[in-house]
Amino acid sequence: GFLYKTITLDGETYAYSVFVPPEYTPERAWPVILFLHGSGERGSDGFLQTEIGLGSALRRNYRRIPAIVVMPQARPDNSWVGPMGAMAMACLEATLREYRVDSQRVYLTGLSLGGQGAWYLAAEHPERFAAVMPLCGFSDLDGRSALAGRIAGRVKGMPIWCFHGEADTAVPVTKTREMVELIRRAGGAVRYTEYKDAGHGIWDRAYGDPAVWDWLFAQRLGAPDSAPASPDTERPGA
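If you count the sequence shown from 1, position 119 lands on 108 in my numbering, and the numbers rise without skipping.
What follows is the structure in structure tokens.
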């Protein structure tokens, strides 16, 4: 289930949650997912971030997601760029030490503000993550488009599957389209699902799709995407 944890970094103590499958046993190595929440779940209680997105998917059907899931919580008025990103990585590393894990199967995902964070942390730590799944995230990181290009260059070798709603009014769909184009231009292969007529809240749809988890758990660190990139789903001709 969901466990409450704390970590102290640079004199600041942060609360976070870790989901450990009821079937967990140290007899085998488990995959690990780092989940970055959106702007509405920022705070300091250590638990709000489990109520939307991946936490909801785990409550609905945790057996579909047989992994240890690390859920840090960013402070109000912060993004995952900078100190909160470092805190998230510290939570991940603490979890990797505490449990028996498969270091070749550590994954990264996030939604909205956390989708931005997923792009950023994947580029900062490409040697740590076997695959990344950003949902409805910013790609230009506060308008610095040159940084988006650098991110694309650093993540181009990673298995990536990103998602966005065509009618998103919170984060324009062009943000993900542009990132996909940058990665492809850099020589990378990226999967992209664009949900036709969907708005911002696509996470239940993406995290509720068994095919997403089948793909994710097939990825291994340093290996190319386990299946060749398919045409963009729900965007014929894209």
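Glycine included, each C-beta is placed from N, C-alpha and C at the ideal position. Computed from a prediction, not measured in an experiment: that's the story for all the values here.
Only counting the same chain, and skipping five residues up and downstream in sequence, which positions put a Cβ closer than 8 Å to that of residue i?
i           : result
residue 53  : 46, 199, 202
residue 115 : 143, 144, 146, 147
residue 189 : 101, 125, 154, 157, 158, 159, 160
residue 34  : 4, 62
residue -10 : 8, 9, 11
Going by DSSP, what residues sit across from residue i in a beta bridge?
i           : result
residue 60  : 6
residue 228 : In the structure displayed, the chain extends from -10 to 227; residue 228 sits before or after that span and is not available.
residue 99  : 25, 123
residue -2  : 1
Just to confirm, are residue i and residue j a CB contact at a threshold of 7 Å?
i           : j           : result
residue 175 : residue 141 : yes
residue 60  : residue 39  : yes
residue 123 : residue 135 : no
residue 21  : residue 95  : yes
residue 91  : residue 18  : yes
In the structure shown, what three-state DSSP assignment does residue i receive?
i           : result
residue 164 : helix
residue 51  : helix
residue 93  : strand
residue 116 : coil
residue -7  : strand
residue 24  : strand
residue 39  : helix
residue 69  : coil
residue 16  : coil
Keeping to the same chain, check which residues put their C-beta closer than 7 Å to that of residue i; ignore five residues upstream and five downstream.
i           : result
residue 169 : 151, 179, 181
residue 93  : 119, 209, 210
residue 131 : Model confidence at residue 131 stands at a pLDDT of 49, short of 50, so the residue's coordinates are unreliable; what they give is reported in the following sentence. Here the set comprises nothing.
Task: Whole alpha helix (DSSP H) elements within the stretch 119 to 199, 4-residue minimum - done: 134 to 144, 163 to 174, 192 to 196
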